[in-house]
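In what follows, a single structure is set out as C-alpha cells and then discussed.
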Amino acid sequence: MIRINENYLKLQASYLFSEIGKRANAFQEAHPERDIIRLGIGDVTRPLPDACIKAFHRAVDEMADIKSFRGYGPEQGYEFLREKIAKADFQSRGANISADEVFVSDGAKCDTGNIQEIFATEITIAIPDPVYPVYLDTNVMAGRTGVFNDGRYQGIVYLEGTRENGFIPDLPREKVDLIYLCFPNNPTGATITKSQLQTWVDYARENKALILYDAAYDAFIKDDSLPRSIYEVEGARDVAIEFRSFSKKAGFTGTRCAFTVVPKSCMAYTSDGETYSVHALWHRRHATKFNSVSYPVQRAAEAVYSDDGMAQSEALIDYYMKNAALIRREMTELGYECIGGENSPYIWIDGRMESWAFFDMLLEKAGVVCTPGAGFGRCGEGYIRISAFNNYENVENAMERIKKAIA
Ligand code: MLT
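To convert, note that position 372 of the sequence shown is 378 in our numbering; the numbers rise steadily by one, no gaps.
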C-alpha cells in the first residue's frame, strides 16, 4: 500500500500566498465589476532591465547556432556568472567569498526550502515569528516538528519579533543547531545592524550552530552602514549560508535566477562529532537533484553586473522604493504605526485589529489585497503587510481607496 508522508498533514491547509490568491480570486468572481489592486505577494511588475533583455536575446541566438549551442551547463552555474557575483556582491564589500562558493539556482524559495535536507532530522531549529512561511513548512514536511497547536508547531524554537524588540529577535535562551534569519526582513521590513548580526554569528560559533541567512532583499538597503551580506561580519564564513536572488533585485520573478553561497570553511558535524564540509554536502545534493539554470537566463543575470545593468536595476529598485515611501507615508498619516519600507519593499503595519479581518476589510471596501500578518506566524497577528511591488499609479490609487475606506 502506497503511504503518504504524514508530516504533510500537520501543515496548514494551503500555502499562505495560495490562500490569499484564492480569496482575492473568489472576491473578483463574486464582484466582476470591481478592479482589484494586488499588494499582497511581493511580485514585480516592471520589465527586465534592458541590459538583461539584450543579453538574454543574444544567448537565445547562440542556442540557435550549432557553433555556439550549449547543452547541460556546469552544475554550480557558469563561471562567468559566479565570478561576477563573488566580485560585485561580496569582495567589493570586503566579504571574502570566491566564485567556487557560489551555487546558481532557480530561486531563493527553492534553496531556502531545500537546504534543510542536508541536516539531521533530530536537530533543534530556531525560526523567527513572524516568518516567511517556507522555512517553517519545509521543516514540517521533513518531520522536524510535532503538531500545530495554538499557532505554533511543537519542537520549534520560535524567535519572536515584536514591537518591543523592533522585530529583531533576541538570541535563543536554549541551545539551537540551525537558525533562520532574513534581513531586510520578509515580512516586517526590519533591518539588522552589523553589531546585532555579529551577536548571532558569535552565538553560532559558540554553539557549533549554523545560520541560514536569507538576503533576498539586500538590493533594497539604502543605508550603507547596514550589512548587505552576513559575510561582512567577522567569523560568519565558518557558520553561515547565504541566499540571494535576482527576483526582486532585477525583476526575475518570472525568469528565475538566484544563488546560494556556501563557504568552504563552513562546517557541520556527524553524530560522532566528526567535522564535515557543508559545501561538499550541498554540492552533492545540487549535482544530484538539479541541472542548474538555463544558459540564456544566466547570461541575463550576468548582465545585471554590467554598467548598464547596474544602473537599470538600481532604477527598478528606486521605482519600487518610491512606492514603499508613499505607502508608509500614507499609512502613517492615517494613524497606523509602520515599520519597513525604508530599506525594504515591505511595509509592516499595526492594523489594530485581527489581521484577516483587516485583509477582508481592505479587499471589500477598497479592492486592495494585502497580506495578513497572522499568515506569517502568531506574532504577526494584528499586523498586515503591504508590498511595494506594483506600478506607481496603482499604488497611488490603492492608497486613495484605503484612505476612503478607513475614513
Ligand atoms: C513574498 O511575497 O513574501 C514573496 O514574494 C514570496 C516569495 O518570494 O516566494
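Even glycine gets a Cβ: it sits at the ideal position worked out from N, Cα and C.
CB-CB under 7 angstroms to residue i, same chain, minus the five flanking residues each way: which ones, in chain order?
i	result
arginine 234	Arg99, Ala221, Asp224, Ile227
aspartate 41	Gly373
phenylalanine 252	Phe258, Cys263, Ala264, Ala307, Val310
arginine 150	Thr127, Ile131, Gly161
threonine 199	Leu232
leucine 340	Lys409, Ile412
lysine 214	Tyr275
valine 303	Thr261, Arg262, Cys263
Does the separation of the CB atoms of residue i and residue j fall below 8 angstroms?
i	j	result
glutamate 308	alanine 61	yes
phenylalanine 365	valine 137	no
glutamine 82	histidine 292	yes
tyrosine 389	tryptophan 354	yes
lysine 254	proline 190	no
phenylalanine 173	isoleucine 333	no
glutamate 248	tyrosine 219	yes
glycine 157	arginine 305	no
isoleucine 43	asparagine 400	yes
aspartate 135	leucine 165	yes
leucine 184	tryptophan 206	no
alanine 404	leucine 54	no
cysteine 272	arginine 250	no
tyrosine 301	glycine 113	no
alanine 30	valine 375	yes
aspartate 170	alanine 148	It is worth fixing the name first, because residue 170 is glutamate in this sequence and not aspartate. No, the pair does not count as a contact, with Cβ atoms beyond the cut-off.
For residue i, which residues in the same chain have their Cβ closer than 8 angstroms to its Cβ, ignoring the five residues on either side in sequence?
i	result
aspartate 56	Asp314, Gln318
leucine 22	Pro139, Thr377, Gly381, Phe382
glutamate 85	Ala105
glutamate 336	Met405, Ile408, Lys409
glutamate 402	Leu332
From the DSSP output, read off the bridge partner residues of residue i.
i	result
aspartate 220	Cys188, Phe249
glycine 346	Ile353
arginine 158	Asn155
arginine 44	Val375
threonine 266	Phe109, Phe249
methionine 273	Ser283
asparagine 132	It should be noted that the sequence gives alanine, not asparagine, for residue 132. DSSP lists Val163, Ile185 as partners of alanine 132.
tyrosine 389	Asp356
Using a Cβ-Cβ cutoff of less than 6 angstroms, which residues in the same chain neighbour residue i once the five nearest sequence positions on both sides are dropped?
i	result
glycine 48	Ser393, Phe395
alanine 94	Tyr311
arginine 211	Gly241, Val245
glutamate 68	Ser74
aspartate 229	Asn349
methionine 316	none
glutamate 89	Ala105
methionine 327	none
What's the C-alpha gap between residue i and residue j?
i	j	result
tyrosine 14	phenylalanine 75	42 angstroms
glutamate 348	alanine 330	7 angstroms
isoleucine 10	serine 283	32 angstroms
glutamine 202	valine 66	45 angstroms
isoleucine 72	serine 20	46 angstroms
isoleucine 121	tryptophan 288	8 angstroms
tyrosine 342	serine 231	28 angstroms
arginine 64	isoleucine 103	29 angstroms
glutamate 370	isoleucine 408	11 angstroms
valine 153	asparagine 145	12 angstroms
arginine 196	arginine 290	Strictly speaking, residue 196 in this sequence is alanine, with arginine absent from that position. Near 34 angstroms, if we compare the C-alpha coordinates of arginine 290 and alanine 196.
glycine 167	glycine 386	9 angstroms
alanine 411	arginine 358	15 angstroms
glycine 77	valine 268	26 angstroms
methionine 367	isoleucine 26	14 angstroms
leucine 87	cysteine 58	13 angstroms
tyrosine 398	valine 182	43 angstroms
phenylalanine 96	phenylalanine 33	45 angstroms
methionine 7	isoleucine 236	47 angstroms
leucine 17	glutamate 280	34 angstroms
aspartate 208	lysine 28	43 angstroms
asparagine 155	serine 111	35 angstroms
threonine 51	lysine 270	37 angstroms
glycine 379	alanine 92	35 angstroms
alanine 256	proline 193	20 angstroms
glutamate 12	tyrosine 141	18 angstroms
aspartate 356	arginine 391	9 angstroms
Could you check if residue i belongs to the surroundings of ligand 3, using beta carbon to heavy atom distance under 7 angstroms?
i	result
lysine 115	Absence of ligand 3 is noted for the structure shown, with ligand 1 being the only ligands found.
Using 8 angstroms as the cut-off, can you tell me whether the stretch 104-112 makes contact with the stretch 321-333, which would need three or more C-beta pairs spanning the two stretches below that distance?
No, the stretch 104-112 is not in contact with the stretch 321-333.
Counting Cβ pairs closer than 8 angstroms, one from the stretch 126-143 and one from the stretch 171-183, do we hit at least three?
Contact between the stretch 126-143 and the stretch 171-183 is present, because at least three Cβ pairs lie under 8 angstroms.
Report yes or no: do three or more beta-carbon pairs, one from the stretch 260-268 and one from the stretch 111-126, lie closer than 8 angstroms?
Note that the stretch 260-268 touches the stretch 111-126; at least 3 beta-carbon pairs, one per stretch, sit closer than 8 angstroms.
Whether or not the stretch 34-50 and the stretch 273-282 are in contact is what I'm after, with contact meaning three or more pairs of Cβ atoms, one per stretch, closer than 8 angstroms; do they touch?
Verdict: no, contact absent.
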